[in-house]
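For the record, in the sequence shown the residue sitting at position 88 is 87 according to numbering that gives the first Met the number 0, with numbers rising by one throughout. All C-beta atoms in this analysis are idealised placements derived from N, C-alpha and C, irrespective of residue type, glycine included.
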Amino acid sequence: MSIGGANSGTVQNAVGRRLSHVNQTGTGQGANSPDAVVALLAAFRADVEHHAAHLNDPQILREHAALVDDSLADPAGNASALRVAARSLPALVAGTAVQHTGEALAAALSDLL
Numbered sequence: 000m001s002i003g004g005a006n007s008g009t010v011q012n013a014v015g016r017r018l019s020h021v022n023q024t025g026t027g028q029g030a031n032s033p034d035a036v037v038a039l040l041a042a043f044r045a046d047v048e049h050h051a052a053h054l055n056d057p058q059i060l061r062e063h064a065a066l067v068d069d070s071l072a073d074p075a076g077n078a079s080a081l082r083v084a085a086r087s088l089p090a091l092v093a094g095t096a097v098q099h100t101g102e103a104l105a106a107a108l109s110d111l112l
């Protein structure tokens, strides 16, 4: 993680802390395969089921996952639906036990498109 200038450091858990002047860059993005997204989708679904009792509305997350699953049959033809899923999923999982897998799935969908 670059922290400006010639400084660099490892990525650390900063939950609950306010960070500023942090830039993030990446390489190789946009190269996710549909198989990688399917694997993340399976992990997200398992996470939702594992934590269902502690989620406000696990059914909406299940429906979101089903929409993504159906759309992955033809990612190019369903790009609009996948784009909506990628944009809305982070807000749906924010602050929940499934936040990490939900955000990973959203990022993978964005990279796929």
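| Between residue 68 and the rest of its own chain, which residues show a CB-CB distance below 7 Å, the 5 nearest in sequence each way excluded? | So the qualifying residues of the chain are 40.
| request: Flag this pair as yes or no: are the beta carbons of residue 36 and residue 108 separated by less than 8 Å? | output: A contact, by the Cβ cut-off of 8 Å.
| Does the distance from the C-beta atom of residue 81 to that of residue 74 stay below 8 Å? | Yes, these two residues count as a Cβ contact at 8 Å.
| task | Report the residue ranges of all alpha helix (DSSP H) runs contained in full by the segment 37 to 101; include only those spanning at least 4 residues, in chain order. | result | Counting only runs of at least 4 residues, the segment 37 to 101 fully encloses the following alpha helix (DSSP H) elements, listed from N- to C-terminal order: 57 to 70 and 78 to 92.
| request: Could you say which of 91, 45 and 112 lies nearest to residue 76 if we only look at CA atoms? | output: Of 91, 45 and 112, the smallest CA-CA separation from residue 76 is found for 112.
| message | So the candidates are 38, 31, 32 and 59; which of them puts its Cα closest to the Cα of residue 91? | response | Selected option, being the one with the closest Cα: 59.
| request: Quick one: using the 10 Å Cβ neighbour count with 16 as the cut-off for buried, is residue 94 buried or exposed? | output: Exposed: under 16 other Cβ atoms inside 10 Å.
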